[in-house]
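Student: I have a structure here, written as structure tokens, and I will follow up with some questions on it.
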Amino acid sequence: MGATVSDFPSANNIEEESEVNIVEKMDRISELPECIIHHIYSFLPTKDMAKTALLSKSWRSKRASYPNLDFDQSLFGEELEIPGMHRRNAKENNEQNSVRKLRKKFIQFVDGTMQRFCDQDLYIQKFKLHMKIRQSHHAYLVQEWIRLAIKRRVREVSIHILMPVFMALLLPREIFACKSITVLKLSCCDLRAISFRDTSAVMLPCLLKLSLKHVSVGEFTVQYFLLGCPSIVHLSFKNCKGFFTNLYIPGPKSLKILKLIVVKREFKQLERVDIEAPTLERLTIHGDSVMTKVAKSRELKSLTIKGGDMVTDQLFRELISEHPLLETLDLDSCKRLERINISSRRLKSLKIRNCRYLEHCEIVTPNLLSFEFDGKLSAFCSGFISAPCQWKVKLELDFDTLWLSDLEFLIKENRIKHLTLSISSDEISSYYSGHKVNPLVISPCCEVEHLSLRTDVSRSSYRAIVESLFSICQPKILSVAFRMKSTNKFIKFLYENLMDIKNPKCCRARKQKCWRHYLKDVKIERVESDKKEKPQCLACLEKMPLEWVTLLNPQPKLGGGLVYFALNWRDLPSVNHE
Numbered sequence: 001m002g003a004t005v006s007d008f009p010s011a012n013n014i015e016e017e018s019e020v021n022i023v024e025k026m027d028r029i030s031e032l033p034e035c036i037i038h039h040i041y042s043f044l045p046t047k048d049m050a051k052t053a054l055l056s057k058s059w060r061s062k063r064a065s066y067p068n069l070d071f072d073q074s075l076f077g078e079e080l081e082i083p084g085m086h087r088r089n090a091k092e093n094n095e096q097n098s099v100r101k102l103r104k105k106f107i108q109f110v111d112g113t114m115q116r117f118c119d120q121d122l123y124i125q126k127f128k129l130h131m132k133i134r135q136s137h138h139a140y141l142v143q144e145w146i147r148l149a150i151k152r153r154v155r156e157v158s159i160h161i162l163m164p165v166f167m168a169l170l171l172p173r174e175i176f177a178c179k180s181i182t183v184l185k186l187s188c189c190d191l192r193a194i195s196f197r198d199t200s201a202v203m204l205p206c207l208l209k210l211s212l213k214h215v216s217v218g219e220f221t222v223q224y225f226l227l228g229c230p231s232i233v234h235l236s237f238k239n240c241k242g243f244f245t246n247l248y249i250p251g252p253k254s255l256k257i258l259k260l261i262v263v264k265r266e267f268k269q270l271e272r273v274d275i276e277a278p279t280l281e282r283l284t285i286h287g288d289s290v291m292t293k294v295a296k297s298r299e300l301k302s303l304t305i306k307g308g309d310m311v312t313d314q315l316f317r318e319l320i321s322e323h324p325l326l327e328t329l330d331l332d333s334c335k336r337l338e339r340i341n342i343s344s345r346r347l348k349s350l351k352i353r354n355c356r357y358l359e360h361c362e363i364v365t366p367n368l369l370s371f372e373f374d375g376k377l378s379a380f381c382s383g384f385i386s387a388p389c390q391w392k393v394k395l396e397l398d399f400d401t402l403w404l405s406d407l408e409f410l411i412k413e414n415r416i417k418h419l420t421l422s423i424s425s426d427e428i429s430s431y432y433s434g435h436k437v438n439p440l441v442i443s444p445c446c447e448v449e450h451l452s453l454r455t456d457v458s459r460s461s462y463r464a465i466v467e468s469l470f471s472i473c474q475p476k477i478l479s480v481a482f483r484m485k486s487t488n489k490f491i492k493f494l495y496e497n498l499m500d501i502k503n504p505k506c507c508r509a510r511k512q513k514c515w516r517h518y519l520k521d522v523k524i525e526r527v528e529s530d531k532k533e534k535p536q537c538l539a540c541l542e543k544m545p546l547e548w549v550t551l552l553n554p555q556p557k558l559g560g561g562l563v564y565f566a567l568n569w570r571d572l573p574s575v576n577h578e
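Next up, the structure:
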């Protein structure tokens with residue numbers, strides 16, 4: 001029997017069914033158990049989490065019991081981030097009044113939430129408080145909120161308080177004797193009260209991670225903290241303030257990770273830092289003009305040293321010889337380091353950057369997986385480097401008589417993945433003309449995955465740069481920085497030379513050919529701006545052919561950035577000499 005019209009669902013019925021399905025799905029979301037909803041909340045920023053209250057009454061009520069409390073003053077208005085100190089006209093006075101109202105609203109919200117958690121006997125897992133206070137009675141409120149969080153068996157605490165220089169936030173003693181805390185992050189607080197000789201001033205048996213940032217400390221603050229934290233695994237000590245000459249960091253057997261950043265302007269009297277942590281696995285030291293002594297740690301696998309005069313050749317040799325299990329080594333801005341000698345089968349990652357006075361490198365690392373170098377070409381080529389992995393190299397060229405042959409040897413003997421060259425001297429032009437670089441003699445098999453150029457030279461040096469570099473290497477990707485008027489002119493010059501490949505007239509009658517004859521194709525891969533928001537003119541340029549370069553006149557809206565060219569090369573002859 002055939003179907004009738006009445007057997008088919010009407011449009012109204014379909015709409016009703018779809019609405020029912022939506023309602024059913026919403027009901028299912030509302031019926032999720034509290035633990036699942038709280039787990040979903042843990043992946044959301046605070047702003048997005050607040051919006052979920054619109055889903056249903058169930059979600060709104062479950063958000064009210066969410067144990068991770070994030071009180072960030074800036075979420076109540078951007079005006080609260082940096083309020084003005086003085087106002088002069090009526091409009092500015094109104095703005096100041098609005099800031100006061102927002103600050104009062106924030107304080108009432110925090111106070112009400114903390115009281116509600118106590119009244120309802122709710123558990124607090126995380127307590128984060130970031131705010132700026134202007135009056136002393138606000139400091140008492142902060143102390144009371146911390147006490148309430150401790151009563152609710154809080155596990156993770158993060159306190160970041162900004163205040164005028166004439167004020168100081170003294171934390172309640174209860175926070176240093178809380179048995180439930182596992183993570184403690186303190187910023188812009190005053191811990192000098194812990195400097196008295198009371199070894200029981202801190203008793204945090206479950207603390208695993210301690211972070212102190214911009215904190216005022218006494219000579220014994222760190223020692224007493226560590227003595228009272230037998231389970232601590234991670235210690236971070238960043239840009240703290242103090243008035244003493246020696247800083248001693250004794251590590252308990254549990255300590256595995258230490259990050260130490262010591263700035264001389266905050267520790268004007270500090271002369272020496274001693275680290276004694278025999279079970280450390282990762283150590284990061286940032287500092288300037290402070291003598292640092294690291295005791296032998298048999299388990300140290302990662303070492304990062306940045307800045308200042310603390311690392312001499314002798315100290316570096318001691319660090320390497322006393323820690324044979326190192327797998328990661330990062331040296332950055334070590335001003336007194338002149339010679340590097342590393343021989344290790346365990347080292348897997350090595351970075352050497354901005355060591356300005358480095359003169360010699362001897363590196364034998366047969367199992368290295370990652371290698372980065374940023375410095376002078378002369379230092380890089382002065383010794384011997386054996387590392388089988390691909391390299392990422394940034395070189396500051398010094399144009400002595402061997403610079404081009406050194407650079408060619410470096411590219412030829414090692415597979416460089418990313419090579420950055422910084423050229424800021426017109427001496428390359430003198431070298432090019434004085435040594436009569438032959439553009440017809442190009443090096444075979446000198447491929448580079450990515451060649452990046454940073455130039456700040458006069459127009460007289462443009463040809464020397466292009467001819468010299470393309471005669472010794474054939475990059476697959478070429479990126480050129482643009483910012484100033486001179487760099488934009490260099491990009492135009494480069495464009496003109498790259499376009500010569502379509503009909504090169506340079507060496508038709510010669511048997512040997514220059515690099516232009518081996519370059520098959522060029523195209524723009526992308527254009528990147530330094531600005532977070534890409535200017536509209538830059539977005540348009542990406543879609544245009546190479547002629548877009550003619551538009552790269554100095555434009556304030558464009559700012560700076562990088563132009564990426566993709567180069568496709570023909571196979572080079574095995575021998576190409578006159």
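Numbering (UniProt numbering), first residue to last: 1 to 578. Note that beta-carbon positions come from the ideal geometry of N, C-alpha and C, so glycine has one too.
(1) Report the residue from Ile275, Ser349, Asp288 and Ile363 whose alpha carbon sits nearest the alpha carbon of Arg317.
(2) Would you decide whether Tyr462 is buried or exposed? Buried here means 16 or more other CB atoms lie within 10 Å of its CB.
(3) Excluding the 5 residues preceding and the 5 following Arg282 in the sequence, name in chain order all residues of the same chain whose CB lies nearer than 6 Å to its CB.
(4) Please classify Ala539 as buried or exposed, where buried requires at least 16 neighbouring CB atoms within 10 angstroms.
(5) Could you check the C-alpha separation between Asp500 and Leu410 for me, to the nearest Å?
(6) Taking just the CA atoms, how far does Ile150 sit from Tyr248?
(7) Whole angstroms are fine: how far does the CA of Leu186 sit from the CA of Ser158?
(8) Report, in whole angstroms, the separation of the C-beta atoms of Val217 and Leu191, which I expect to be a contact under 8 Å.
(9) Return the chain-ordered list of same chain residues with a C-beta closer than 7 Å to the C-beta of Lys105, the five sequence neighbours on each side being excluded.
(10) Go ahead and pull the three-state DSSP assignment for Leu207.
(11) Leu212 to Leu347, Cα distance in whole Å?
(12) By Cβ distance, which residues of its chain are closer than 6 Å to Val263, with the 5 residues on each side in sequence left out?
(13) Given that a residue counts as buried once 16 or more other Cβ atoms are within 10 Å of its Cβ, and exposed if not, what is Pro475?
(14) Measuring alpha carbon to alpha carbon, tell me which residue in Cys473, Glu427, Ser430 and Ala379 is nearest Lys417.
(15) Against chain B, does Lys412 count as a neighbour if the rule is that its beta carbon must be under 8 Å from one of theirs?
(16) How long is the line joining the alpha carbons of Gln108 and Ser65, rounded to whole angstroms?
(17) Determine the DSSP secondary structure at His160, reduced to helix, strand or coil.
(18) Whose C-beta lies closer than 6 Å to the C-beta of Met131 among residues of the same chain, with five residues either side of it excluded?
(19) Taking Cys189 as the reference, give the member of Pro164, Leu169 and Gln135 with the closest Cα.
(20) Going by C-alpha distance, which of Ser460, Leu319 and Arg356 is nearest Ser344?
(21) Anyone know if the C-beta pair for Pro388 and Leu368 falls short of 8 Å?
(22) Could you work out which residue in Arg116, His234, His286 and Ala295 is closest to Gly307 when comparing CA atoms only?
(23) Grab me the residues of Val311's own chain with a C-beta within less than 6 Å of its C-beta, minus the 5 sequence neighbours each way, in chain order.
(24) With a threshold of 7 Å on Cβ separation, who are the neighbours of Lys489 within its own chain once the five nearest residues in sequence on each side are excluded?
(25) Closer than 6 Å by C-beta to Thr284: which residues in its own chain qualify, once you throw out the five before and the five after it? Chain order, please.
(26) Using the Cα positions of Gln143 and Leu270, report the straight-line distance between them to the nearest angstrom.
(27) Can you give, in chain order, each stretch of the beta strand (DSSP E) that sits fully within the region 344-391 and has at least 3 residues?
(28) Among the residues of its own chain, which have a CB less than 6 Å from the CB of Glu156, if the five just before and after it don't count?
(29) Can you tell me the Cα-Cα spacing of His323 and Val294, whole angstroms?
(30) Can you tell me where the beta strand (DSSP E) with Tyr564 in it begins and where it stops?
(31) Exposed or buried, Asp530, counting other C-beta atoms within 10 Å across all chains shown (16 or more means buried)?
(32) How about Leu129 and Phe71: are their beta carbons less than 8 Å apart?
(33) At 4 residues or longer, and completely inside the region 210-297: list those alpha helix (DSSP H) runs for me, N to C.
(34) Would Lys351 and Asp330 be called neighbours here (beta carbons separated by less than 8 Å)?
(35) Could you give the residue range of the beta strand (DSSP E) that holds residue 584?
(36) Could you give the DSSP three-state label for Asn70: helix, strand or coil?
Tutor: The structure says:
(1) As a first step, residue 317 is located in the sequence shown; it is residue number 317 there, counting from the start. Minimum Cα distance to Arg317 is reached at Ile363.
(2) Along the sequence shown, read from residue 1 onward, the residue named residue 462 stands at position 462. Buried, because 16 or more other Cβ atoms sit within 10 Å of the Cβ of Tyr462.
(3) Looking up residue 282 in the sequence shown gives position 282. Counting only Cβ-Cβ distances below 6 Å, and skipping sequence neighbours, we find Ile257 and Ser302.
(4) The residue you call residue 539 lines up with position 539 of the sequence shown. With a pLDDT of only 48 at Ala539, under 50, the local geometry of the prediction cannot be trusted, and the value read off the model is given with reservation. Exposed.
(5) Here the question's residue 500 lines up with position 500 in the sequence shown. Here the question's residue 410 lines up with position 410 in the sequence shown. Going from the Cα of Asp500 to the Cα of Leu410 covers about 28 Å.
(6) For this step, residue 248 is matched to residue 248 along the sequence shown. For this step, residue 150 is matched to residue 150 along the sequence shown. Their backbone Cα atoms lie some 30 Å apart in a straight line.
(7) As a first step, residue 158 must be located in the sequence shown, where it is residue number 158. As a first step, residue 186 must be located in the sequence shown, where it is residue number 186. Spanning the two alpha carbons is a distance of roughly 6 Å.
(8) Taking the sequence shown and counting its residues from 1, the one referred to as residue 217 is at position 217. Taking the sequence shown and counting its residues from 1, the one referred to as residue 191 is at position 191. With 8 Å as the limit, Val217 and Leu191 qualify as a contact, their Cβ atoms being about 5 Å apart.
(9) Here residue 105 corresponds to residue number 105 of the sequence shown, with the count starting at 1. The residues are Phe76.
(10) Counting from one through the sequence shown, the residue named residue 207 turns up at place 207. Here Leu207 sits in coil by DSSP.
(11) Translated into the one-based positions of the sequence shown, residue 212 becomes position 212. Translated into the one-based positions of the sequence shown, residue 347 becomes position 347. When rounded, the distance between both Cα atoms is 31 Å.
(12) Residue numbering aside, residue 263 sits at position 263 when the sequence shown is read from its first letter. Cβ neighbours of Val263 beyond the five flanking positions: Asn239.
(13) Here residue 475 refers to the residue found at position 475 when the sequence shown is read from its first residue. That one is buried.
(14) To locate residue 417, count along the sequence shown from 1; it is residue 417. Minimum Cα distance to Lys417 is reached at Cys473.
(15) In the structure shown, chain B does not exist; there is a single protein chain.
(16) As a working mapping, residue 108 is identified with position 108 in the sequence shown. As a working mapping, residue 65 is identified with position 65 in the sequence shown. When rounded, the distance between both Cα atoms is 18 Å.
(17) Looking up residue 160 in the sequence shown gives position 160. Note: His160 maps to strand in three-state DSSP.
(18) Along the sequence shown, read from residue 1 onward, the residue named residue 131 stands at position 131. Excluding positions up to five away in sequence, the list reads Gln73.
(19) Taking the sequence shown and counting its residues from 1, one reaches residue 189 at position 189. Comparing Cα-Cα distances from Cys189 to each of Pro164, Leu169 and Gln135, the minimum goes to Leu169.
(20) Residue mapping note: residue 344 aligns to position 344 of the sequence shown, counting from 1. Nearest C-alpha to Ser344: Leu319.
(21) Within the sequence shown, numbered from 1, the residue matching residue 388 stands at position 388. Within the sequence shown, numbered from 1, the residue matching residue 368 stands at position 368. It is a contact, given that the beta carbons lie within the stated cut-off.
(22) As a position in the sequence shown, residue 307 is number 307, starting the count at 1. Gly307 has its Cα closest to that of His286, out of Arg116, His234, His286 and Ala295.
(23) Within the sequence shown, the letter at position 311 stands for residue 311. If we look at Val311 and ignore the five residues flanking it on each side, its Cβ neighbours are Ile305, Cys334 and Leu337.
(24) Here residue 489 is taken as the residue at index 489 of the sequence shown, counted from 1. Correct list, in chain order: Arg459.
(25) For the purposes of this step, residue 284 is taken as the residue at position 284 of the sequence shown. So the qualifying residues of the chain are Lys259 and Thr304.
(26) The sequence position of residue 143 within the sequence shown is 143, counting from 1. The sequence position of residue 270 within the sequence shown is 270, counting from 1. Their Cα atoms are separated by approximately 31 Å.
(27) Every beta strand (DSSP E) of 3 residues or more that sits fully in the region 344-391 is shown, in chain order, as 349-353, 360-364, 370-376 and 384-386.
(28) Within the sequence shown, residue 156 is the residue found at index 156, counting from 1. Within the same chain, and ignoring the five residues on either side of Glu156 in sequence, the residues whose Cβ sits closer than 6 Å to its Cβ are Lys126 and Val183.
(29) For the purposes of this step, residue 323 is identified with residue 323 of the sequence shown, where counting begins at 1. For the purposes of this step, residue 294 is identified with residue 294 of the sequence shown, where counting begins at 1. Rounded to whole angstroms, His323 to Val294 spans 10 Å at the Cα level.
(30) Along the sequence shown, read from residue 1 onward, the residue named residue 564 stands at position 564. From DSSP, the beta strand (DSSP E) with Tyr564 extends over Gly561 to Trp569.
(31) Counted from its first residue, the sequence shown places residue 530 at position 530. Its Cβ having fewer than 16 others within 10 Å, Asp530 is exposed.
(32) Residue numbering aside, residue 129 sits at position 129 when the sequence shown is read from its first letter. Residue numbering aside, residue 71 sits at position 71 when the sequence shown is read from its first letter. Yes.
(33) Counting whole runs of 4 or more residues, the region 210-297 contains the alpha helix (DSSP H) stretches 221-227.
(34) Working through the sequence shown from its first residue, we reach residue 351 at position 351. Working through the sequence shown from its first residue, we reach residue 330 at position 330. Lys351 places its beta carbon less than 8 Å from that of Asp330.
(35) The displayed coordinates of the chain run from 1 to 578. Any statement about residue 584 would go beyond what the structure contains.
(36) In the sequence shown, residue 70 corresponds to position 70, counting from 1. In the sequence as presented, Asn is not what sits at residue 70; that position holds Asp. Of the three classes helix, strand and coil, the one that applies to Asp70 here is strand, per DSSP.
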